[in-house]
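Trainee:
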Amino acid sequence: MQWLVLALLCPCLGEGMMRIPLRKGRSMREVMREKGVPEGFLKDLKGDPGRKYQLSKAVAYEPLTNYLDSFYFGEISIGTPPQKFLVLFDTGSANLWVPSTYCQTPACGNHARFNPSLSSTFSGIGVTYPLSYGFGDLSVVLGYDTVTIQNIVVTNQEFGLSLDEPSRPFYYQDFDGILGMAYPGVGIGGFNTLLQNMLQQSQLNEPIFSFYYSRNPTYNYGGEVILGGVDPQLYSGEVIWAPVVQELYWKIGIEEFSIGPSATGWCSQGCHGIVDTGTFLLTIPGQFMSAFLQELGAEESDYGFVVDCSDVPSMPTLYFAISGAQLPLPPSVYVLNIDGVCTVGVESTYVASASGQPLWILGNLFLRQYYSIFDVASNRVGFALSA
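If you use mature numbering (1 follows the signal peptide of the UniProt record, and there is no 0), the sequence shown corresponds to residues -16 to -1, 1 to 371, in order.
1) Taking 6 Å as the limit between beta carbons, can you name the residues of its chain near Phe154, skipping five residues before and five after?
2) Which of helix, strand or coil does DSSP assign to Tyr128?
3) Answer with buried or exposed for Ile322, where buried requires no fewer than 16 other C-beta atoms within 10 angstroms of its C-beta.
4) Is there contact between the segment 233 to 252 and the segment 210 to 223, where contact requires at least three CB pairs shorter than 8 Å?
5) Mind checking Arg97: buried by the 16 CB within 10 Å criterion, or exposed?
6) Can you tell me whether DSSP reads Asp121 as helix, strand or coil?
7) I'd like to know if the segment 76 to 83 and the segment 135 to 148 are in contact, where contact means that at least 3 CB-CB pairs between them fall below 8 Å.
8) Kindly indicate which residue of Leu211, Tyr167, Gln353 and Arg352 has the alpha-carbon position closest to the one of Val228.
9) What whole-angstrom Cβ distance do Leu163 and Leu188 have, given they're in contact under 8 Å?
10) Can you tell me whether Pro201 is buried or exposed, with buried defined as 16 or more other CB within 10 angstroms of its CB?
11) Which one of Ser198, Gly206 and Leu126 has the shortest CA to CA distance from Phe175?
12) Check this for me: beta carbons of Arg364 and Trp225, under 8 Å apart or not?
13) Is there contact here, the segment 47 to 62 with the segment 122 to 136, by at least three beta-carbon pairs under 8 Å?
14) Is the distance from the Cβ of Thr327 to the Cβ of Val290 below 8 Å?
15) Using beta-carbon positions only, say whether Cys251 and Pro150 come within less than 8 Å of one another.
16) To the nearest angstrom, how far is it from the Cα of Gly288 to the Cα of Gln184?
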């Protein structure tokens, strides 16, 4: 995962849904439509008798909010009574941590802090541990407590209580902590991840979780993560499944990458891609970045890799060949328009490739286009076109 931003929690639809405040004279359907909620959900508000699908497999819908058209966050609570935190659900890391009262830096003071003395179920471990992310590092001390996400309750969960958070970048981020959802191998050794404990404590009916990111996120509705299931109303067409090639990150194979109709040949010997909800941009193997920008006619500036906004409709679609299928990424998705400045939403991959194969990170720009399914039991990731 990389640098992050956050906003207030959003409401969402589904079982156990939270309510959206309505301005006088407007229906819930009208508000939801404006917030980018899929039409299938809007139909369900009317109680359509033809609806056959019931999400019996999923344990919890966790609503996500979006801020500044970038990252997506949800709410969890820790302790007894519960103390609430806004966290990034991050498939690019495996640890859970939140700010704590042990931390006295300005970054911690600017966020919700866990107070262990106020929780009757907290127990300390007394082990300190450094955590490193693409955007910065921090130190935590480990403890156990109850973690609650909607109707999921996990007891005796190990988590990190921050000891020191540098102001850059933590002070300026609107999230409190991070909930890692990668494989245990990238987590702190000797302790179960939250996902492992959800399964061991029978909190998930099915060892699977999935993400929906709205293509047009707003301050009030960004999408949702579904813990324990998949919602077919949030995608269309066939699910393309890709096996995980290394059980550390959710890393899959990429067979080819094309710019428009022309294959680049960059993955002729195979590429890998990490599916990472904690990275906003699409990252490109560094050795290909110059050629990629040249193909798109992008120029580097203080704002990023800039293109003429009038050229965006005619720019090429990018294609990722995954499990024999071509997954397109149109310019309307990979080009960002911020205050009239159009930039290509890419950067060089900032982690080393353990295998030596070119490494991509399929971040949130990619995942807005594709509903993503993480199958723990079968070690595979699924993609389907988002609703």
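Positions of the beta carbon are idealized from the N, C-alpha and C atoms, including for glycine.
Mentor: Taking the coordinates as given:
1) Ala91
2) strand
3) exposed
4) no
5) buried
6) Correct three-state label for Asp121: strand.
7) Touching, per the Cβ criterion.
8) Tyr167
9) At roughly 15 Å, the Cβ-Cβ gap does not stay under 8 Å, so Leu163 and Leu188 are not in contact.
10) buried
11) Leu126
12) Judged by their CB atoms, Arg364 and Trp225 are nearer to each other than the 8 Å cut-off.
13) yes
14) The Cβ-Cβ distance between Thr327 and Val290 falls below 8 Å.
15) no
16) The straight-line gap from Cα to Cα measures roughly 45 Å.
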